[in-house]
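Engineer: Handing you this structure, nothing more for now.
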Amino acid sequence: MIGLIGRKVGMTRLFGQDGKSIPVTAIVAGPCYVVQIKTDEKEGCRAVQLGAFDRRKKLVKKPQRGHFAKAGVEPKAKLAEFRVENTDLYHLGQELRVNIFQVGDRVKVAGTSKGRGFTGVVKRWGFAGGPKSHGQSDRHRAPGSIGGASWPSRVWKGMKMAGRMGSERVTVRNLEVVKVDPEHNILLLKGAVPGARNGYLAIQRTAELTSMPSPSGVVEEGAKAETRAEEKPQEAPGKKEAPPGKPEEGAKVEAKAAEESQEAPAPQAAEPEAPSSSEAKAPEEVPLTHKEEAPEQREAPPEKRLTGKRKGQVNG
22 MIGLIGRKVG MTRLFGQDGK SIPVTAIVAG PCYVVQIKTD EKEGCRAVQL GAFDRRKKLV
82 KKPQRGHFAK AGVEPKAKLA EFRVENTDLY HLGQELRVNI FQVGDRVKVA GTSKGRGFTG
142 VVKRWGFAGG PKSHGQSDRH RAPGSIGGAS WPSRVWKGMK MAGRMGSERV TVRNLEVVKV
202 DPEHNILLLK GAVPGARNGY LAIQRTAELT SMPSPSGVVE EGAKAETRAE EKPQEAPGKK
262 EAPPGKPEEG AKVEAKAAEE SQEAPAPQAA EPEAPSSSEA KAPEEVPLTH KEEAPEQREA
322 PPEKRLTGKR KGQVNG
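For the sequence shown, this note's numbering gives the first residue as 22, with consecutive numbering after it.
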């Protein structure tokens, strides 16, 4: 699994939401650059070699300069190799930052422990030492017997004795990521990590990286947010849910609104304005029913028939 090369800054503490103190280790992780990609066909394994922390060219030998120049990166002070399943996600000169981790991830950290020099068995192996009384004056921190004289007449291989302590490669697993600061490339891990301050560390993911993160954040978080947005049903713009505990009142309100919408008269078109005198038009002819007749077709009664003169006037 891919990881990053980091440098230990020191230890501090954070306070959780419940107010408890959380001991954390601050690590400057990256940015790291891909220096070499190993494949099964050429090197017999699938791995990515990363380099981190710039180094002056005058302190780098010529073969190493060519190695960095082939990848198109500046000489680096520390190199580390990480085994990966898919090498297609990486290319020479690619930059990996601390945003490949997110809060809650579990990582394993490997580093070189502090060198303690030559130490005795009490400090090195935790022996209890000899008795503190009964005349013992020089055996308080002694190892005791290391083997019998008659049998086995030798010292067993692997016997715990005094010797050089520390300065060994130590791996601590299952550390929790408490905080990620992409702006300053800071990674806060819960608990302690091996090594002294400014010591180099290899921080490795426990899960394989399926896609490269974007510069703004982790791709996995954005994908989850989009999925949640798609799964959330969209509500009607004018429809409100009934308050909890009163479903009957909400149903009544909706039924009343539906009835009002049905009873409401259809909107009438605005009446046209009366035309002016100059633009007045003749009224339209109204169709007559079968009982009525046109006034021209009606016959006047006999007493009202006149021949061009008023009634009672004598023809002269």
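Backbone N, C-alpha and C fix where the C-beta goes; we use that ideal spot for every residue, glycine too.
Computed from a predicted structure; not experimentally measured.
In chain order, what residues of the same chain have a beta carbon less than 8 Å from the beta carbon of Q157, not counting five sequence neighbours either side?
Structural biologist: By 1-based counting over the sequence shown, the position of residue 157 is 136. Same-chain partners within the cutoff: G151.
Engineer: Taking buried to mean at least 16 other C-beta atoms within 10 Å of its own C-beta, is V173 buried or exposed?
Structural biologist: For the purposes of this step, residue 173 is identified with residue 152 of the sequence shown, where counting begins at 1. Reading off the sequence, residue 173 comes out as Pro, not Val. Its Cβ having fewer than 16 others within 10 Å, P173 is exposed.
Engineer: Tell me which same chain residues have a C-beta within less than 6 Å of the C-beta of V56, skipping the five on either side of it?
Structural biologist: As a position in the sequence shown, residue 56 is number 35, starting the count at 1. Here the set comprises Q70, G72 and A92.
Engineer: May I ask you to report which of helix, strand or coil DSSP gives Q87?
Structural biologist: For the purposes of this step, residue 87 is identified with residue 66 of the sequence shown, where counting begins at 1. Contrary to the premise, residue 87 reads as Gly rather than Gln in this sequence. G87: helix per DSSP, three-state reduction.
Engineer: Determine the extent of the beta strand (DSSP E) in which R137 is found, giving its start and end residues.
Structural biologist: Here residue 137 refers to the residue found at position 116 of the sequence shown. It spans G136 to T140 - the beta strand (DSSP E) in which R137 sits, taken as one unbroken run.
Engineer: From H161 to W177, what distance separates their C-alpha atoms?
Structural biologist: Residue numbering aside, residue 161 sits at position 140 when the sequence shown is read from its first letter. Residue numbering aside, residue 177 sits at position 156 when the sequence shown is read from its first letter. Looking at the two C-alpha atoms, the distance is approximately 23 Å.
Engineer: By how many angstroms is the C-alpha of E62 removed from the C-alpha of Y221?
Structural biologist: Here residue 221 corresponds to residue number 200 of the sequence shown, with the count starting at 1. Here residue 62 corresponds to residue number 41 of the sequence shown, with the count starting at 1. About 31 Å.
Engineer: How close, in whole Å, do the beta carbons of G216 and V119 come, if the pair is a contact with beta carbons under 8 Å?
Structural biologist: Counting from one through the sequence shown, the residue named residue 216 turns up at place 195. Counting from one through the sequence shown, the residue named residue 119 turns up at place 98. No, G216 and V119 are not in contact; Cβ-Cβ is about 18 Å, not under 8 Å.
Engineer: Helix, strand or coil: which one does DSSP assign to I23?
Structural biologist: As a first step, residue 23 is located in the sequence shown; it is residue number 2 there, counting from the start. Of the three classes helix, strand and coil, the one that applies to I23 here is coil, per DSSP.
Engineer: Grab the span of the beta strand (DSSP E) containing V56 for me, first residue to last.
Structural biologist: Within the sequence shown, residue 56 is the residue found at index 35, counting from 1. V56 -> beta strand (DSSP E) spans C53 to K59.
Engineer: Return the chain-ordered ranges of every alpha helix (DSSP H) run that is complete within the stretch 205 to 233 and spans a minimum of 4 residues.
Structural biologist: Within the stretch 205 to 233, no complete alpha helix (DSSP H) run reaches 4 residues.
Engineer: Taking the straight line between their C-alpha atoms, what separation do you get for P44 and V199?
Structural biologist: Locating residue 44 in the sequence shown gives position 23, counting from the first residue. Locating residue 199 in the sequence shown gives position 178, counting from the first residue. One C-alpha to the other measures close to 10 Å.
Engineer: So is C66 buried or exposed if we call it buried at 16+ other beta carbons inside 10 Å?
Structural biologist: Translated into positions along the sequence shown, residue 66 becomes position 45. Answer is exposed; the Cβ neighbour count stays below 16.
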